[in-house]
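One line per chain: the protein sequences are Y and B, in this order.
Sequential numbering of the first sequence, starting at 1, is according to my numbering.
Sequential numbering of the second sequence, starting at 1001, is according to my numbering.
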Amino acid sequence: MPSLKIENLSKSFGGLMAVNHVTFEVGEGEILGLIGPNGSGKTTIFNLISGFLPPDTGSIYLRGESLVGLKPHQICKKGIGRTFQIVKPFPHLSVMRNVRTAVFNRGKEINQANRQSESLLEFVGLWSRRNELAGSLTLAGRKQLELARCLATQPKFLLLDEVMAGLNPVEQKQMIELVIKIREGGITIIVIEHTMRIIMTVSDRILVLCFGEIIAEGAPREVAQDPDVIKSYLGEKYRFV
Amino acid sequence: MSRNGIPKVLFFWFGLILISILAPFLLPSYFVHVLIMILFYGYLGTSWNILGGYAGQFSFGHAAFFGVGAYASTLAFVNWNITPWIGMVLGGLLGMLLGLLIGSLCFHYGLRGPYFALATLAFAELLRLISLNLDLTGKAMGILIPLKGNAPLSFQHESKIFYYFVILLMFIGVLWVARWIDTGKIGDYLAAIREDEDSAEAIGVNTFSYKLLAILISGFLTALGGTFYAQYFLYIDPPVTFGVDTSIEIFLRPIVGGMGTVYGPIIGSFVLGPLGEVTRGILGGYHGVHLMIYGAILVGVIIFLPNGIYGWLSSLKKKH
Chain Y
1 MPSLKIENLS KSFGGLMAVN HVTFEVGEGE ILGLIGPNGS GKTTIFNLIS
51 GFLPPDTGSI YLRGESLVGL KPHQICKKGI GRTFQIVKPF PHLSVMRNVR
101 TAVFNRGKEI NQANRQSESL LEFVGLWSRR NELAGSLTLA GRKQLELARC
151 LATQPKFLLL DEVMAGLNPV EQKQMIELVI KIREGGITII VIEHTMRIIM
201 TVSDRILVLC FGEIIAEGAP REVAQDPDVI KSYLGEKYRF V
Chain B
1001 MSRNGIPKVL FFWFGLILIS ILAPFLLPSY FVHVLIMILF YGYLGTSWNI
1051 LGGYAGQFSF GHAAFFGVGA YASTLAFVNW NITPWIGMVL GGLLGMLLGL
1101 LIGSLCFHYG LRGPYFALAT LAFAELLRLI SLNLDLTGKA MGILIPLKGN
1151 APLSFQHESK IFYYFVILLM FIGVLWVARW IDTGKIGDYL AAIREDEDSA
1201 EAIGVNTFSY KLLAILISGF LTALGGTFYA QYFLYIDPPV TFGVDTSIEI
1251 FLRPIVGGMG TVYGPIIGSF VLGPLGEVTR GILGGYHGVH LMIYGAILVG
1301 VIIFLPNGIY GWLSSLKKKH
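If you want it as structure tokens, here you go:
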């Protein structure tokens, strides 16, 4: 059974079809890359899956269970975690408390929550800054925090919306390693990213969106050589290495 | 640790308890009254703080809950001779019911920030106008509670010391509730809602339910305060129970002391209470001057101490 199954999903804003009859599946333990030009509907798909927007038509199943009509917090409880493209930490709370709030998704014992938060902060590399306010972190720090907070809800499925955008190459490398480690922990992931080097490295499979429709799908190498993808997104000069 | 191995903090609490118990017997009646008012507004501020401070849902109309509590116990006592102790609980439940109404309407339609503040103000004004026009509530005349002399069972006593201990216990109770919220899952969830509702939803917080929980607890506790007020002054009328002044008095202390903290409201109350008394004493001839001074303090606090006195003190502590 696929981990996530999306059928005929559509969403329009006024006259604009942001997502146009999209159908795809994500296998258990897979990393699926989602790419496409700005405004192609990538983030809208995340908002539909995580319940922040209701779809006009179509269905979404997590391990056979329908998610359409559920509120975001209910979808989180079902095991889908998401990060936001524009990171949204709780700026006036400490880094530690940011994560602890999310740990409470699966329990309410405070000492245990504190321990879990510490080990997650260690995992993403923020442990030494745990007592600082989240608002004082650098962009890289805030992205790590967003990831830690997301993992703290104990998801089976993760939606990562440009967690590497704006990071320097060293930070990007660390983030890629984290994403791969998370997958090794048995979590299925969809990644939205613009940097081709990253998406080609981490993804098992890539889905290319353009104007809300899927224009190509396949292994990174195949997609990169697809004439439609080159024309609409990568550009003629792109060479997959 | 002190020399004999007893933690200093124990000494502190022991001293505080001793002072709180002895104070009303040692102080003149006027100062007992000032202490009662400090604890009373500290109590109301803490109740407000659960919704306005922790959950970040700024209520500008908390007098609505306060007045419901005051009128509920008073009407039950005057009309059916039900002791205000029971009336207090009834008032609390009605306060909760009002919270359910305001909360489910406002939060369902996603009213946030100033819109929520205005909606709560509208409810308080609505109740003020209703109580001003109903025969049952005595219209503009208000209700005079019949004197029973020294009748603790009827929540009445000629000595202020009785009221002092009642409000002291209520205050300790509300402080305990605030601490319980502050140190657990609910506190984290309310803080998350205050910071960013979308993020909170994304990590599994049922923002609607938790905001509703906050307004139910806050409404219940504030209504209990209304009964205390009615029994202490033995007279209530629409402007004093449902009026805007009361709403402002309720949220001023947590703002000055520090919103979303356990001790902020009581610190604010200990600062503003005596200040109000002193200015009223010195400038008594000029009605409303203490309000002008409140206004100036509020402006000063918002500009210079955006996290209130408690926030300022704890940032000083961190620097050292």
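We put the CB at the ideal spot given by N, CA and C, even for glycine.
As the structure is a computational prediction, the values presented were derived from the model and not from experiment.
Next item on the list: Give every residue of the same chain whose Cβ lies closer than 6 Å to the Cβ of B:P1238, excluding the five residues on either side of it in the sequence, and list them in chain order.
Entry: In the second sequence, the residue the question calls residue 1238 of chain B occupies position 238. Annotation for B:P1238: R1128, S1131, L1132 place their beta carbon closer than 6 Å to its own, counting only its chain and skipping 5 residues before and after.
Margin query: If you follow the alpha helix (DSSP H) that Y:N168 is in, where does it begin and where does it stop?
Written below: Counting from 1 along the first sequence, the entry for residue 168 of chain Y is found at position 168. DSSP places Y:N168 in no alpha helix (DSSP H); its state is neither H nor E.
Item checked: Members of the stretch 97-116 of chain Y that neighbour chain B once the beta carbon cut-off is set at 7 Å -> R97, R100, T101, A102, F104, N105, K108, I110
Note to self: Does the CB of Y:T43 have a neighbour CB from chain B at under 8 Å?
What the structure shows: One-based indexing of the first sequence puts residue 43 of chain Y at position 43. For Y:T43, no CB of chain B lies under 8 Å from its own CB, so it is not counted at the interface with that chain.
Notebook entry, point to check: Which one or two residues does DSSP pair with B:K1139 in a beta bridge?
Noted result: Here residue 1139 of chain B refers to the residue found at position 139 when the second sequence is read from its first residue. Its beta-bridge partners do not exist; DSSP assigns none.
Checklist line | C-beta atoms of B:Y1043 and B:I1167 nearer than 8 Å | finding: Indexing the second sequence from 1 puts residue 1043 of chain B at position 43. Indexing the second sequence from 1 puts residue 1167 of chain B at position 167. For B:Y1043 and B:I1167, yes; Cβs fall inside 8 Å.
Next item on the list: Between the Cα of B:L1090 and those of B:M1141, B:G1138, B:L1221, spot the shortest distance and give me the residue it belongs to.
Entry: The count along the second sequence starts at 1 and reaches residue 1090 of chain B at position 90. Comparing Cα-Cα distances from B:L1090 to each of B:M1141, B:G1138, B:L1221, the minimum goes to B:L1221.
Note to self: Suppose you measure from the CA of B:Q1057 to the CA of Y:E217; what does that come to, to the nearest Å?
What the structure shows: Within the second sequence, numbered from 1, the residue matching residue 1057 of chain B stands at position 57. Within the first sequence, numbered from 1, the residue matching residue 217 of chain Y stands at position 217. For B:Q1057 and Y:E217, the distance between alpha carbons rounds to 46 Å.
Margin query: Which residue marks the beginning of the beta strand (DSSP E) containing Y:F13, and which one marks its end?
Written below: Walking along the first sequence from the start, residue 13 of chain Y turns up at place 13. Where Y:F13 is concerned, the enclosing beta strand (DSSP E) stretches over 4-13.
Note to self: Let me confirm a value: B:G1087 is counted as buried when at least 16 other C-beta atoms fall within 10 Å, else exposed. Which label applies?
What the structure shows: In the second sequence, counting from the first residue as 1, residue 1087 of chain B sits at position 87. Buried: at least 16 other Cβ atoms inside 10 Å.
Check: Going along chain B in order, which residues have a C-beta closer than 7 Å to the C-beta of Y:L93?
Finding: The residue you call residue 93 of chain Y lines up with position 93 of the first sequence. By Cβ distance, chain B contributes A1191, E1195.
Note to self: For the stretch 1193-1202 of chain B against the stretch 86-94 of chain Y, do three or more pairs of beta-carbon atoms, one drawn from each stretch, fall closer than 8 Å, so that the two count as touching?
What the structure shows: Contact between the stretch 1193-1202 of chain B and the stretch 86-94 of chain Y is present: 3 or more CB-CB pairs across the two stretches fall below 8 Å.
Margin query: Going by DSSP, what residue range makes up the alpha helix (DSSP H) through Y:M1?
Written below: Position 1 of the first sequence, counted from the first residue, corresponds to residue 1 of chain Y. Per DSSP, Y:M1 belongs to no alpha helix (DSSP H) and is neither H nor E.
Check: At a cut of 8 Å, does the stretch 1306-1317 of chain B reach the stretch 1258-1275 of chain B through at least three beta carbon pairs?
Finding: yes
Notebook entry, point to check: Going by the beta-carbon positions, is the gap between B:A1230 and B:A1070 smaller than 8 Å?
Noted result: In the second sequence, counting from the first residue as 1, residue 1230 of chain B sits at position 230. In the second sequence, counting from the first residue as 1, residue 1070 of chain B sits at position 70. Cβ atoms of B:A1230 and B:A1070: closer than 8 Å.
Notebook entry, point to check: Which residue or residues does DSSP assign as beta-bridge partners of Y:L16?
Noted result: As a working note, residue 16 of chain Y is residue 16 in the first sequence. In the DSSP output, where bridge partners are listed per residue, Y:L16 has Y:F13.
Note to self: So for Y:R63, helix, strand or coil by DSSP?
What the structure shows: Counting from one through the first sequence, the residue named residue 63 of chain Y turns up at place 63. Here Y:R63 sits in coil by DSSP.
Note to self: Which of the three DSSP states is assigned to Y:Q74 in this structure?
What the structure shows: Stepping through the first sequence from its first residue, residue 74 of chain Y is reached at position 74. Three-state result, Y:Q74: helix.
Next item on the list: Select from B:V1278, B:G1288, B:G1225 the residue whose C-alpha is nearest the C-alpha of B:V1068.
Entry: Position 68 of the second sequence, counting from 1, holds the residue named residue 1068 of chain B. Residue B:G1225 is the option with its Cα nearest to B:V1068.
Next item on the list: Using beta-carbon positions only, say whether B:I1050 and B:I1302 come within less than 8 Å of one another.
Entry: Looking up residue 1050 of chain B in the second sequence gives position 50. Looking up residue 1302 of chain B in the second sequence gives position 302. No, the Cβ-Cβ distance between B:I1050 and B:I1302 is not below 8 Å.
Check: Under 8 Å between C-beta atoms, does Y:F123 make it to chain B?
Finding: Within the first sequence, numbered from 1, the residue matching residue 123 of chain Y stands at position 123. No, Y:F123 lies away from the interface with chain B (no Cβ there is under 8 Å from its Cβ).
Notebook entry, point to check: On the premise that Y:R97 lies in contact with B:D1188, defined as a C-beta separation below 8 Å, what is that separation, rounded to the nearest angstrom?
Noted result: Here residue 1188 of chain B is taken as the residue at index 188 of the second sequence, counted from 1. Here residue 97 of chain Y is taken as the residue at index 97 of the first sequence, counted from 1. So it is a contact: roughly 6 Å between Cβ atoms.
Checklist line | For B:R1194, the nearest candidate out of Y:I214, Y:I31, Y:L93 (CA to CA) | finding: Walking along the second sequence from the start, residue 1194 of chain B turns up at place 194. Of the candidates Y:I214, Y:I31, Y:L93, the one whose C-alpha sits nearest the C-alpha of B:R1194 is Y:L93.
Checklist line | Secondary structure of B:R1194, DSSP reduced to three states | finding: Within the second sequence, numbered from 1, the residue matching residue 1194 of chain B stands at position 194. In the structure shown, the three-state DSSP call for B:R1194 is helix.
Checklist line | Among B:I1267, B:L1272, B:G1288, B:R1280, nearest to B:S1314 - alpha-carbon criterion | finding: Working through the second sequence from its first residue, we reach residue 1314 of chain B at position 314. When only C-alpha atoms are compared, the closest one is B:I1267.
Notebook entry, point to check: Looking at C-alpha atoms only, which residue of Y:N20, Y:I206, Y:S136 is the closest neighbour of Y:S40?
Noted result: Position 40 of the first sequence, counted from the start, is the residue given in the question as residue 40 of chain Y. It is Y:N20.
Next item on the list: Tell me whether Y:G107 sits in a helix, a strand or coil according to DSSP, three-state version.
Entry: The count along the first sequence starts at 1 and reaches residue 107 of chain Y at position 107. Coil.
Margin query: In chain order, what are the residue ranges of uninterrupted beta strand (DSSP E) at least 3 long that sit wholly in the stretch 19-54 of chain Y?
Written below: 31-35
Check: Around the Cβ of Y:L70, are there at least 16 other Cβ atoms within 10 angstroms (buried) or fewer (exposed)?
Finding: The sequence position of residue 70 of chain Y within the first sequence is 70, counting from 1. Buried: at least 16 other Cβ atoms inside 10 Å.
Item checked: Identity of the residues DSSP links to B:L1068 by a beta bridge -> Translated into positions along the second sequence, residue 1068 of chain B becomes position 68. First, the amino acid is wrong: residue 1068 of chain B is Val here, not Leu. Looking at the DSSP assignment, B:V1068 forms no beta bridge with any residue, so it has no partner.
Check: Between the beta-carbon of Y:N105 and the beta-carbon of Y:Q154, is there less than 8 Å?
Finding: The count along the first sequence starts at 1 and reaches residue 105 of chain Y at position 105. The count along the first sequence starts at 1 and reaches residue 154 of chain Y at position 154. Taking 8 Å as the Cβ cut-off, Y:N105 and Y:Q154 qualify as a contacting pair.
Margin query: Is there a Cβ of chain B sitting closer than 8 Å to that of Y:P72, yes or no?
Written below: One-based indexing of the first sequence puts residue 72 of chain Y at position 72. Answer yes: the Cβ-Cβ gap between Y:P72 and chain B drops below 8 Å somewhere.
Item checked: Ordered list of alpha helix (DSSP H) runs contained in the stretch 1085-1146 of chain B, each at least 4 residues -> 1113-1133
Notebook entry, point to check: For Y:F157, which beta-bridge partners are listed by DSSP?
Noted result: Counting from one through the first sequence, the residue named residue 157 of chain Y turns up at place 157. Y:F157 pairs with Y:I80, Y:T188.
Item checked: Contacting positions in the stretch 131-155 of chain Y - beta carbon closer than 9 Å to chain B -> A134, E146, R149, C150, A152, T153
Margin query: In whole angstroms, give me the CA-to-CA distance for B:P1028 and B:S1020.
Written below: Taking the first residue of the second sequence as position 1, residue 1028 of chain B is located at position 28. Taking the first residue of the second sequence as position 1, residue 1020 of chain B is located at position 20. About 14 Å.
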